[in-house]
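J.:
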């Protein structure tokens with residue numbers, strides 16, 4: 023189990039023997055670039071869990087984000103399975119363990135929620151859905167992450183959407199919150215457009231609402247959501263390594279999650295790139311914890 027209390031005080035198994043609807047697990051390391059240090063990101067899962075404790079005694083209370091209690095009057099159906107063992111720079115081993123855990127959760131069947139870790143951990147998370155496709159990917163991020171390789175590594179934090187585009191079970195990709203300048207060059211933009219990725223900039227969401235993104239998701243589709251914390255504005259989520267002004271608001275993100283739950287089905291969710299050393303008074307960890315509450319509440323309300 024983890025060093026911190028579990029998310030919202032959830033059990034590690036349901037006492038009555040029921041299969042869980044949602045399984046939370048953490049993965050501190052994915053594929054770290056040579057010479058880089060991902061240890062700061064490995065702190066994220068526990069700080070999110072710690073931030074959730076302020077609401078741990080309020081699970082049955084009315085949640086105005088959700089329009090009712092978290093579990094909508096039903097028994098608790100979510101567990102926190104703790105963290106899988108990962109080691110910085112054991113890139114193939116970390117990927118294998120993340121993919122295996124994702125497959126294990128999907129086989130229950132349950133919806134996996136992964137707490138990263140940097141933005142390399144979604145690659146094996148996506149790969150874990152190979153026998154559960156087709157799935158769409160909704161990425162919330164300031165950057166398109168379409169590099170083919172960086173520093174000699176093809177599975178790092180600049181590569182997840184490129185790798186996802188190569189997976190036969192991924193039916194399409196919608197990228198929301200894009201803004202500013204990142205690692206993408208013209209060649210990456212052209213590759214993403216050639217694949218058919220739908221870009222929805224943060225400016226478009228500010229101007230037209232979350233429907234600017236939701237309209238690209240087919241009704242009834244199964245969707246894996248990957249949320250890079252820098253997709254939100256740094257005024258809300260300062261604890262990231264790449265602060266970029268003009269990002270999505272907390273309300274826009276929870277509206278996007280709620281809208282997705284009504285239009286399609288959330289099949290999996292990961293949150294990555296929270297960098298606790300850069301956080302300010304725990305604001306980012308609190309925002310991340312509340313976003314996860316909204317994700318769980320939306321999944322529970324899916325028919």
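In my numbering, the protein residues as written are 23 to 325. Quick reminder that beta carbons are idealized off the backbone N, C-alpha and C, glycines included.
Using a Cβ-Cβ cutoff of less than 6 angstroms, which residues in the same chain neighbour residue 316 once the five nearest sequence positions on both sides are dropped?
T.: Cβ neighbours of residue 316 beyond the five flanking positions: 87, 276 and 279.
J.: Among the residues of its own chain, which have a CB less than 6 angstroms from the CB of residue 249, if the five just before and after it don't count?
T.: Around residue 249: 162 and 293.
J.: Suppose you measure from the CA of residue 310 to the CA of residue 260; what does that come to, to the nearest Å?
T.: One C-alpha to the other measures close to 11 angstroms.
J.: Applying the criterion that 16 or more other CB atoms from any shown protein chain within 10 Å of the CB defines a buried residue, is residue 153 buried or exposed?
T.: Counting Cβ neighbours within 10 Å, residue 153 comes out exposed, since fewer than 16 surround it.
J.: Under three-state DSSP, which class holds residue 318?
T.: Note: residue 318 maps to helix in three-state DSSP.
J.: Residue 103 and residue 46 - do their beta-carbons sit closer together than 8 angstroms?
T.: Yes, they are a contact pair.
J.: Comparing alpha-carbon positions, which option in 146, 188 and 203 lies nearest residue 178?
T.: Of 146, 188 and 203, the residue nearest in Cα terms is 146.
J.: Whole angstroms is fine: what's the gap from residue 90's alpha carbon to residue 227's?
T.: Straight-line Cα distance between these residues: approximately 26 angstroms.
J.: On a CA-only basis, which of 111, 120, 94 and 301 is nearest residue 105? Give me that one, please.
T.: For residue 105, the nearest C-alpha among the options comes from 120.
J.: Who are the near neighbours of residue 302 in its chain, counting only those whose CB is closer than 6 angstroms to its CB and skipping five residues on each side?
T.: Cβ neighbours of residue 302 beyond the five flanking positions: 260.
J.: Do the segment 237-255 and the segment 263-271 meet, that is, are 3 or more Cβ pairs less than 8 angstroms apart?
T.: With the cut-off at 8 angstroms, the segment 237-255 and the segment 263-271 touch.
J.: To the nearest angstrom, how far is the alpha carbon of residue 136 from that of residue 209?
T.: Their Cα atoms are separated by approximately 30 angstroms.
J.: So, is residue 109 buried or exposed, given that buried needs 16 or more other C-beta atoms within 10 angstroms?
T.: Flag for residue 109 reads exposed.
J.: State the CB to CB distance for the pair residue 53 and residue 116, rounded to an integer number of angstroms; the pair is presumed to be in contact (CB under 8 angstroms).
T.: With 8 angstroms as the limit, residue 53 and residue 116 qualify as a contact, their Cβ atoms being about 7 angstroms apart.
J.: Just to confirm, is the Cβ distance from residue 63 to residue 140 under 8 angstroms?
T.: Against a cut-off of 8 angstroms, the Cβ pair of residue 140 and residue 63 comes out as a contact.
J.: Rounded to the nearest angstrom, how far is the Cβ of residue 148 from that of residue 122, given a contact under 8 angstroms?
T.: At roughly 14 angstroms, the Cβ-Cβ gap does not stay under 8 angstroms, so residue 148 and residue 122 are not in contact.
J.: Near residue 220, which residues of its chain fall below 6 angstroms by C-beta distance, leaving aside the five closest residues on each side in sequence?
T.: For residue 220, where only same-chain residues beyond five positions count, the Cβ hits under 6 angstroms are 196 and 238.
J.: Using only the alpha-carbon positions, how far apart do residue 36 and residue 214 sit?
T.: Their Cα atoms are separated by approximately 42 angstroms.
J.: Just verifying my parser: in three-state terms, what is the DSSP assignment at residue 23?
T.: Bear in mind that a pLDDT of 40 at residue 23, under 50, signals an unreliable position, so the model cannot answer this.
J.: Roughly how many angstroms lie between the CA atoms of residue 229 and residue 223, to the nearest whole one?
T.: About 10 angstroms.
J.: Once DSSP output is grouped into helix, strand and coil, what is the label at residue 281?
T.: Helix.
J.: What span of residues does the alpha helix (DSSP H) with residue 124 cover, start to end?
T.: Run containing residue 124: 113-128, per the alpha helix (DSSP H) assignment.
J.: Where do the ends of the alpha helix (DSSP H) carrying residue 236 lie?
T.: Note, residue 236: alpha helix (DSSP H), 233-236.
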